[in-house]
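Novice:
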Amino acid sequence: MFPVIKSLKPTYRFRNQHLLKKAKEGDLAFSTANTYIRHVVQFYKWAAHEQLITITDQNKPFEIEIVNIRNESMLAHMMPKFTVQTSDLRIRVPRSSQSNRIRSMNPLSQKKLAILKRELPKASTETGLIILLGLLCGLRKEEASSLTIEALSQAYTCGEADTRFNIPIGPDNGVQTKNNKKRTIEISSSLINILNEYAISDRRMIRLKKLHDKTESDSNSIQKWEPLFISQQGNPMSPESVGSRFCELCMEIKKTNADFNHEFHDLRRTYATYRLQSLLDIGIPASQALSLIMSWMGHEDERTTWKYLSYLKRNEALVYKISMLDQIMHDSLKGYA
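Encoded structure:
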């Protein structure tokens, strides 16, 4: 039984006496504290669903709240507000930190996407495919570089359509996700076909043999999962190497396009920006669109996702559908066939 007085309930005590205290002292970011309390809420929801605990009006770990959020997207005139279910345990993140994150966003415009498409063949096959995974699937460089054959083999179609697939990633198939969190990403059929062809290509087989030769001579190097991307030296591709190669490509582009100032994470931001807008454009309710993007991106806090709408409001030229993003990069895939 939960105490009737809120302040005595373990959930509120954990929030107020530990998380908020740490956040106010600077030992924990407010966004991280909010993530932790969200996990607590999700645990109790799961326990109630599995009938491990009984929640009633008199016996409950927290209060469910329906919050109205101001819509700052390009469609705000059609839907000024949308509602999100949350709890009174949520921890508010200071507005200043949210504004800083919005200002730090730097997704690629249509013009810059066209430039990237033109210059992408200058990168190695492995780097090019990893860049496309960041841009078309929203993967972090750690996730894209550590994609495994096992993960690729677990792809399945999205419903009845065969144009997009889902791939589960995480510790169960060797993909290095943030905080080892399991999630499912989406991927276009054209990109997954290219990845499958690359997986059995002569180029990769030569590199895979080098990796096997190394692991046979060093038992400490044995790989539990087979990496899709392997360096010329026979080592699994590292996120540091990917970051360096992308930086080199950007430096090459800047020789003729001085304003091409981007990091690998901007590819992920580009995917989220275009994808979220495309969901809203086809009439998917804002709360459902939020849930989908949070799931694909692996976001813990919905505010991390909705900052993309705030960015779109400030940069109207970036309002394009994901289909347009796919179309822009379609020709790039042909170079890897």
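At position 152 of the sequence shown (counting the first as 1) the number is 152 in full-length UniProt numbering, and the numbers step up by one without a gap. All C-beta atoms, glycine included, are put in the ideal place defined by N, C-alpha and C. Just so it is clear, the structure is predicted and the values come from calculations on it, not from any experiment.
#1: Which residue comes first and which comes last in the beta strand (DSSP E) that contains residue 269?
#2: Identify, in the order they occur along the chain, each residue of the same chain with its Cβ nearer than 7 Å to the Cβ of residue 6, setting aside the five sequence neighbours on each side.
#3: Would you say residue 199 and residue 135 are within 8 Å of each other, going by their C-beta atoms?
#4: Please name the residue, chosen from 142, 192 and 231, that lies closest to residue 211 on a Cα-to-Cα basis.
#5: Can you say whether residue 171 is buried or exposed, counting buried as having 16 or more other CB atoms within 10 angstroms of its CB?
#6: Can you find the residues in the same chain that come closer than 7 Å, C-beta to C-beta, to residue 250, ignoring five residues on each side of it along the sequence?
#7: Looking at the secondary structure, which residues open and close the alpha helix (DSSP H) in which residue 34 lies?
#8: With H, G and I counted as helix, E and B as strand and the rest as coil, what does DSSP make of residue 110?
#9: Hey, could you find the ends of the beta strand (DSSP E) residue 354 is sitting in?
#10: Which full runs of the alpha helix (DSSP H) of 4+ residues lie inside the region 181-258, going along the chain?
#11: What residues are listed by DSSP as bridge partners for residue 287?
#12: Could you round the C-beta distance between residue 298 and residue 141 to whole angstroms and report it? I think they count as a contact, below 8 Å.
#13: Can we say the region 263-275 touches the region 286-297, given the rule of at least three CB pairs closer than 8 Å?
#14: With residue 164 as the anchor, note down where its beta strand (DSSP E) starts and where it stops.
#15: Between the beta-carbon of residue 61 and the beta-carbon of residue 2, is there less than 8 Å?
#16: Under 8 Å between C-beta atoms, does residue 5 make it to chain C?
#17: What would DSSP say about residue 157, mapped onto helix, strand or coil?
#18: Would you call residue 103 buried or exposed, if buried means 16 or more other Cβ atoms sit within 10 Å of its Cβ?
#19: Roughly how many angstroms lie between the CA atoms of residue 204 and residue 305, to the nearest whole one?
#20: What residue from 266, 288 and 144 has the CA that sits closest to residue 276's CA?
#21: Ordered along the chain, which non-local residues of its own chain (more than five positions away) have a Cβ less than 7 Å from that of residue 122?
#22: Evaluate residue 247 with the Cβ neighbour count: other Cβ atoms within 10 Å of its Cβ, from every protein chain shown; 16 or more gives buried, anything less gives exposed.
Specialist: Short version:
#1: Premise fails: residue 269 lies in the alpha helix (DSSP H), 265-281, not in any beta strand (DSSP E).
#2: Same-chain partners within the cutoff: 12.
#3: Going by C-beta atoms, residue 199 is not nearer than 8 Å to residue 135.
#4: 231
#5: exposed
#6: 260 and 262
#7: 30-49
#8: helix
#9: There is simply no residue 354 to check, as the chain begins at 1 and stops at 337 in what is shown.
#10: Within the region 181-258, the complete alpha helix (DSSP H) runs of at least 4 residues are 189-199, 202-217 and 239-254.
#11: In the DSSP secondary-structure assignment, residue 287 is not bridged to any residue.
#12: 14 Å between Cβ atoms; not a contact.
#13: yes
#14: 164-169
#15: yes
#16: Although the question refers to chain C, the structure presented lacks it and comprises just one protein chain.
#17: DSSP places residue 157 in strand when its eight states are reduced to three.
#18: Confidence at residue 103 is low in this model, with a pLDDT of 47, below 50, so its placement is unreliable and the value that follows should be read with caution. Looking at its Cβ environment, which holds fewer than 16 other Cβ atoms inside 10 Å, residue 103 is exposed.
#19: 36 Å
#20: Out of 266, 288 and 144, 288 has the C-alpha closest to the C-alpha of residue 276.
#21: Setting aside the 5 residues that flank it on each side, residue 122 is surrounded in the same chain by 249 and 252, each with a C-beta closer than 7 Å to its C-beta; the list follows chain order.
#22: exposed
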